[in-house]
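**Student:** Numbering (the UniProt record's numbering), first residue to last: 1 to 149. Quick one: the structure is below, and I'll ask about it shortly.
Given below as structure tokens:
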């Protein structure tokens with residue numbers, strides 16, 4: 001006797017964790033925790049105190065401490081001020097956060113901009129991008145021309 005095909009479900013089945021490659025195996029840390037750890041790491045590598053950086057960024061010492069511990073989510077203005085006090089740019093902070101999240105997820109991140117960055121127009125000094133965990137700057141290469149149809 002011929003078998004009839006299996007009935008089609010009325011609604012799509014939900015994928016399981018095993019067949020969802022777009023979902024990380026473990027939850028990602030809150031961004032405020034990651035950003036705080038990055039800021040603290042840069043401050044400590046520079047041998048600077050909370051008081052020194054907070055004063056230069058014009059934020060209170062307790063508030064900067066809370067930000068570094070991931071307990072407070074700082075505004076973009078505060079993050080910008082703290083980054084400037086540490087000699088970083090916001091793009092360096094965000095890039096390092098991206099690299100850490102991607103690395104934790106088993107992805108490889110290549111920073112294609114680090115080797116060819118130019119100082120901003122009107123800037124007095126050029127700050128090299130901060131080293132990013134697991135990312136190596138590329139050597140400068142000839143300009144690439146991309147054509148699109």
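We put the beta carbon where it would ideally sit given N, CA and C, even for glycine.
Measuring alpha carbon to alpha carbon, tell me which residue in 33, 101, 59 and 34 is nearest residue 77.
**Tutor:** Working through the chain shown from its first residue, we reach residue 77 at position 77. Comparing Cα-Cα distances from residue 77 to each of 33, 101, 59 and 34, the minimum goes to 59.
**Student:** Decide if residue 100 is buried, meaning its Cβ has at least 16 other Cβ atoms within 10 Å, or exposed.
**Tutor:** Stepping through the chain shown from its first residue, residue 100 is reached at position 100. So residue 100 counts as buried.
**Student:** Inspect the beta-carbon positions of residue 86 and residue 46 and report whether they are closer than 9 Å.
**Tutor:** On the chain shown, position 86 is the one that residue 86 refers to. On the chain shown, position 46 is the one that residue 46 refers to. Taking 9 Å as the Cβ cut-off, residue 86 and residue 46 qualify as a contacting pair.
**Student:** Give the straight-line distance between the Cα atoms of residue 150 and residue 43, rounded to the nearest whole angstrom.
**Tutor:** The shown model of the chain, from 1 to 149, leaves out residue 150, and the question about it has no answer.
**Student:** Counting along the chain, where does the alpha helix (DSSP H) carrying residue 28 start and finish?
**Tutor:** Taking the first residue of the chain shown as position 1, residue 28 is located at position 28. Segment: none, residue 28 is in no alpha helix (DSSP H) and carries neither H nor E.
**Student:** Within the same chain, show all residues whose beta-carbon is closer than 6 Å to that of residue 56, passing over the 5 residues directly before and after it, in chain order.
**Tutor:** What you label residue 56 is simply residue 56 of the chain shown in a count that begins at 1. So the list reads 85, once near-sequence residues are dropped.
**Student:** So, at 7 Å on beta carbons, what are the nonlocal neighbours of residue 38 in its own chain, with the 5 sequence-adjacent residues on each side left out?
**Tutor:** As a first step, residue 38 is located in the chain shown; it is residue number 38 there, counting from the start. Within the same chain, residue 38 has close Cβ partners 93, 96 and 97.
**Student:** Using a threshold of 9 Å, state whether the C-beta atoms of residue 32 and residue 74 are closer than that.
**Tutor:** The residue labelled residue 32 in the question sits at position 32 within the chain shown. The residue labelled residue 74 in the question sits at position 74 within the chain shown. Yes, these two residues count as a Cβ contact at 9 Å.
**Student:** For residue 89 and residue 40, I'd like the C-alpha separation in whole angstroms.
**Tutor:** One-based indexing of the chain shown puts residue 89 at position 89. One-based indexing of the chain shown puts residue 40 at position 40. Answer to the nearest angstrom: the Cα atoms are 15 Å apart.
**Student:** Quick one: measure Cβ to Cβ for residue 67 and residue 51, integer angstroms, because I've assumed they're closer than 8 Å.
**Tutor:** In the chain shown, counting from the first residue as 1, residue 67 sits at position 67. In the chain shown, counting from the first residue as 1, residue 51 sits at position 51. Actually they are not in contact, since the Cβ atoms of residue 67 and residue 51 sit about 14 Å apart, beyond 8 Å.
**Student:** Kindly indicate if chain D contains any beta-carbon less than 9 Å away from that of residue 91.
**Tutor:** Absent from the structure is chain D; it holds one protein chain and no more.
**Student:** Rounding to the nearest angstrom, what Cα-Cα distance links residue 72 and residue 28 in this structure?
**Tutor:** Position 72 of the chain shown, counted from the first residue, corresponds to residue 72. Position 28 of the chain shown, counted from the first residue, corresponds to residue 28. The straight-line gap from Cα to Cα measures roughly 17 Å.
**Student:** Restricting to runs no shorter than 3 residues, where is the beta strand (DSSP E) found entirely within the region 31-89?
**Tutor:** For the region 31-89, not a single whole beta strand (DSSP E) run of length 3 or above is found.
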